[in-house]
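Visitor: Residue 3 is where the sequence shown starts when you use the working numbering, and the numbers rise one by one after that.
For every residue, glycine included, the Cβ atom is placed at its ideal position computed from N, Cα and C.
Starting off with a structure, shown below.
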Amino acid sequence: MDIVTPFQFALVYNAFSFTFATMAAATLFLWLSRSQVSSAYRTALTISGLVTAIAAYHYLRIFESWNAAFTFKDGIVTATGFAFNDAYRYVDWLLTVPLLLIELILVMRLSREETMSKSVRLGSAAALMIVLGYPGEIAPDIATRAVWGTLSAIPFVYIVWELFRGLGDSIKQQPANAQNLVRKARLLTFASWGFYPIVYMAPYVGLTGGTATTTIQIGYTIADILAKAGLGVLIFLIAVRKSEAEAESGHKADAA
Ligand SMILES: *C/C=C(C)/C=C/C=C(C)/C=C/C1=C(C)CCCC1(C)C
3 MDIVTPFQFA LVYNAFSFTF ATMAAATLFL WLSRSQVSSA YRTALTISGL
53 VTAIAAYHYL RIFESWNAAF TFKDGIVTAT GFAFNDAYRY VDWLLTVPLL
103 LIELILVMRL SREETMSKSV RLGSAAALMI VLGYPGEIAP DIATRAVWGT
153 LSAIPFVYIV WELFRGLGDS IKQQPANAQN LVRKARLLTF ASWGFYPIVY
203 MAPYVGLTGG TATTTIQIGY TIADILAKAG LGVLIFLIAV RKSEAEAESG
253 HKADAA
């Protein structure tokens, strides 16, 4: 295990702790807000809260693992010999990334067939992306990291392309008051998801040892907060707007 400075140790320690609290709070918010939206969007909020709940659990485990890997005493950090376990993060992604895509697709309320086929295709591509990324993440040398990272980027590019093209069309079918928010949700997904491969490349630009470890952990943590809790809040807002728009057009139809 690469040794970190006291500052790096504390930074990652606090980031993990903060993220656990953020994910847990987001879960409560998303689940408790279900009654504020029409029944068509409750599943999207349930899944959104499930994503942050799974992440909260894994951040607790990652936090424990970080704490077990080092001792911080009298201003000095020493490695305990227990390896910091990055597998928690990848298991978390394996579960949460397909769910996040499904959440985004559900809130669009497409036809049943489209929802199914998009969820299966994007969900499988996302799982493949994570599985191919892991061997590179734990590889000790940059060449191996680069090979797996490049393979993982293939399904990644497919997902990005599919989201832009496929979801771009359905944005036009959204009620006017929700279009902008759906566009923002898509943009937030792109921006945060695009951040992961950039963070992954930190060792390519010469970062090593504790600096690389810290950069990667902090980078993934920021991206996770945006991609999971940030998206959850946007999904909630979209669901509220769409519920309002649909209730209104329902009233008009009743009056006619
Ligand atoms: C909540 C977690 C999310 C949204 C995680 C997303 C992760 C990615 C988009 C990861 C992508 C990667 C590549 C495109 C190549 C290098 C390896 C990965 C797995 C970091």
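1. For a test of the three-state rule: what should DSSP assign to F197, helix, strand or coil?
2. Hey, is A155 close to ligand 1, as in C-beta under 7 Å from one of its heavy atoms?
3. Across which residues does DSSP place K75 in a beta bridge pair?
4. Say the cut is 7 Å; is the CB of A229 nearer than that to a heavy atom of ligand 1?
5. Expressed to the nearest angstrom, what Euclidean distance is found between the alpha-carbon atoms of T80 and N69?
6. Buried or exposed: S251, going by 16 or more other Cβ atoms within 10 Å of its Cβ?
7. Using only the heavy atoms of ligand 1, determine whether one of them is closer than 7 Å to the beta carbon of P199.
8. Leaving out five residues on either side along the sequence, give the residues of the same chain with a beta carbon under 7 Å from the beta carbon of R188.
9. Any contact of the region 56–69 with the region 31–40, i.e. 3+ C-beta pairs under 8 Å?
10. Taking the continuous alpha helix (DSSP H) assigned at L124, which residues delimit it?
11. Label V159 either buried or exposed according to how many other C-beta atoms from any shown protein chain fall within 10 Å of its C-beta, with 16 as the threshold for buried.
12. Just reading off the alpha helix (DSSP H) that L2 is part of, what are its end residues?
13. Terminal residues of the continuous alpha helix (DSSP H) containing D171?
14. Mapping DSSP to helix, strand and coil, what is S40?
Guide: Put simply:
1. Three-state DSSP puts F197 in a helix.
2. Result yes, Cβ under 7 Å from ligand 1.
3. The partner list for K75 (beta bridge, DSSP) reads I78.
4. At least one heavy atom of ligand 1 falls within 7 Å of the beta-carbon of A229.
5. Those two C-alpha atoms are separated by around 11 Å.
6. Result: exposed.
7. Flag set: Cβ of P199 near ligand 1.
8. Contacts found: L165, L169.
9. Output reads no: the region 31–40 does not touch the region 56–69.
10. Segment 114–139, the alpha helix (DSSP H) holding L124.
11. Under a 10 Å Cβ-count criterion, V159 is classified as exposed, with fewer than 16 other Cβ atoms of the shown protein chains found around its own Cβ.
12. This structure does not reach residue 2, given that the chain is present from 3 up to 258, and the question cannot be answered.
13. Bounds of the alpha helix (DSSP H) holding D171 are 170–174.
14. Here S40 sits in coil by DSSP.
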